[in-house]
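In our numbering, the protein residues as written are 379 to 820.
Pasting the structure below:
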């Protein structure tokens, strides 16, 4: 698991030595408790200079949302756009406990320097939280947030750092849960499996997680094909993947693409090259595929027909998304940055509802970054309209995966593309926490 080690942001805190080996669950608690203790001991960091909004007055609450935009790689413009629409909706309805919501947005440009700049701007402008954001550079943005004591609520979950920082409060299982779940989903259906993924630090963890899900189904490991995130074609990767996926004449293999926004480019190459090989299945994760991409590439005749997809949330057509759609219609009608089927937009919607619940729980108390963290650390339970299980971030709610000590929601949904529509393949959520724990152990 060399990829995960490369993304670590802090030196490991080792549990005390005993005569017997501590359980994974206990080691997870000790590691995280050590990180919190170290954080609390630094006089000028981790909450010493929290963002502050006044008490029961009319002072606005300042938060920030960031995501990459206008880059050659993965872009998530819908996330800051959704944040701005949410603020307009909240403010049109009296604010939160009488406070107007002020949303700052920032473009991290898929760049470490810009990601750090966004975090420092959040501190400079006294943001009490960063909410519903996306960045591949956890190491760069979390250090400034930790120094200022600003919580990171509902990040997209694309980096391991989001599941290790004591100031991170994830609402989903991120890429780890998606890839582990996809391995489970494909393990009983596919012959040889080939994975094509970004040649990045964030991409390094994906083969280990996918293989943990496959192994749980008694399946052999997938082959790992690295690909440049900014490539304009992927014929080299598709041919190698197809060679492996068709290597067993008795079982139909599967090709898995986890390339984010570059999945469409990959599928252009795949569509051409697959004609020279026996039939194979396809699999991917939400974020690399959504309904709008299926529609734009031919619907029922698109190359995604029949693809197995793992997501965090119910399918976009589910009635549980109706409140979000209503807000988009009222506050962002005509804003083509916001696609209600996009996993980033959905994550931002849920994250802001979580933030609203936190502020409401404070009553007439001052809304500060410290107060927000204390509410979360002391066991506040947040419901999300059944878009996720009930969320809580106490020690007891952590799953027993040492490499992901802040992960509290390891539930995913299994979906499939049928007749050009993303539909539920299996009702309800599937808990992949045991698969993640096995990935960590192996």
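Don't be surprised by glycine CBs; every beta carbon is placed ideally from N, CA and C.
Since residue i and residue j should fall inside the 8 angstroms C-beta cutoff, what is the C-beta to C-beta distance between them, to a whole number of angstroms?
i: residue 580; j: residue 536; result: 6 angstroms
i: residue 722; j: residue 454; result: 4 angstroms
i: residue 444; j: residue 518; result: In fact, because the Cβ distance is near 11 angstroms, the residues do not count as touching under 8 angstroms.
i: residue 439; j: residue 745; result: 5 angstroms
i: residue 717; j: residue 668; result: 7 angstroms
i: residue 520; j: residue 554; result: Not quite, the Cβ-Cβ distance comes to about 17 angstroms (not below 8 angstroms), so this is no contact.
i: residue 775; j: residue 786; result: 5 angstroms
i: residue 479; j: residue 468; result: 5 angstroms
i: residue 534; j: residue 771; result: Wrong, their Cβ atoms sit about 17 angstroms apart, outside the cutoff.
i: residue 562; j: residue 813; result: 6 angstroms
i: residue 559; j: residue 794; result: The pair is not a contact, with the Cβ atoms about 13 angstroms apart (cut-off 8 angstroms).
i: residue 666; j: residue 685; result: Actually they are not in contact, since the Cβ atoms of residue 666 and residue 685 sit about 10 angstroms apart, beyond 8 angstroms.
i: residue 788; j: residue 516; result: The Cβ separation is near 19 angstroms, so there is no contact.
i: residue 532; j: residue 728; result: 6 angstroms
i: residue 338; j: residue 646; result: This structure gives no information on residue 338, because the portion of the chain shown stretches from 379 to 820.
Would you identify the three-state DSSP class for residue i, choosing helix, strand or coil?
i: residue 514; result: coil
i: residue 772; result: coil
i: residue 467; result: helix
i: residue 487; result: coil
i: residue 799; result: strand
i: residue 482; result: strand
i: residue 595; result: coil
i: residue 636; result: coil
i: residue 709; result: helix
i: residue 458; result: helix
i: residue 739; result: helix
i: residue 603; result: strand
i: residue 577; result: coil
i: residue 806; result: coil
i: residue 444; result: strand
i: residue 733; result: helix
i: residue 694; result: coil
i: residue 811; result: helix
i: residue 532; result: coil
i: residue 817; result: helix
i: residue 716; result: coil
Please classify residue i: is it buried, with 16 or more other beta-carbons within 10 angstroms of its beta-carbon, or exposed?
i: residue 734; result: buried
i: residue 491; result: exposed
i: residue 631; result: buried
i: residue 640; result: buried
i: residue 523; result: buried
i: residue 817; result: buried
i: residue 656; result: exposed
i: residue 704; result: exposed
i: residue 648; result: buried
i: residue 627; result: exposed
i: residue 629; result: exposed
i: residue 674; result: exposed
i: residue 711; result: exposed
i: residue 681; result: buried
i: residue 566; result: exposed
i: residue 488; result: buried
i: residue 679; result: exposed
i: residue 612; result: buried
i: residue 608; result: exposed
i: residue 707; result: exposed
i: residue 653; result: exposed
i: residue 485; result: buried
i: residue 598; result: exposed
i: residue 582; result: buried
i: residue 766; result: buried
Can you list, in chain order, the residues of its chain with a C-beta nearer than 8 angstroms to that of residue i? Leave out the 5 residues immediately preceding and following it.
i: residue 751; result: 425, 527, 529, 545
i: residue 815; result: 402, 777, 778, 779
Just to confirm my understanding: we take residue i, look at its own chain, exclude 5 residues before and 5 after, and list those with CB closer than 6 angstroms. What are they?
i: residue 760; result: 732, 735, 769
i: residue 601; result: 572, 622
i: residue 758; result: 739
i: residue 452; result: 638, 639
i: residue 464; result: 730
i: residue 763; result: 698
i: residue 797; result: 678
i: residue 584; result: 557, 575, 636
i: residue 753; result: 736, 739
Leaving out the 5 sequence neighbours to the left and right, which residues in its chain are closer than 7 angstroms to residue i when beta-carbon positions are compared?
i: residue 719; result: 668, 669, 670, 694
i: residue 466; result: 709
i: residue 715; result: 455, 456, 459
| contact_flag[the segment 520–533, the segment 503–512] where n(CB pairs < 8 angstroms) is 3 or more | In short, these stretches touch, since the Cβ pair count reaches three.
| Hey, is the segment 569–577 in contact with the segment 798–807, meaning 3+ C-beta pairs nearer than 8 angstroms? | no
| said: Taking contact to mean 3 or more Cβ pairs, one atom from each stretch, closer than 8 angstroms, check whether the segment 689–706 and the segment 724–732 are in contact. | reply: yes
| request: Could you say if the segment 582–595 and the segment 608–622 meet the contact criterion of at least three C-beta pairs nearer than 8 angstroms? | output: no
| field | Three-pair Cβ contact test at 8 angstroms for the segment 470–482 versus the segment 537–556 | value | no
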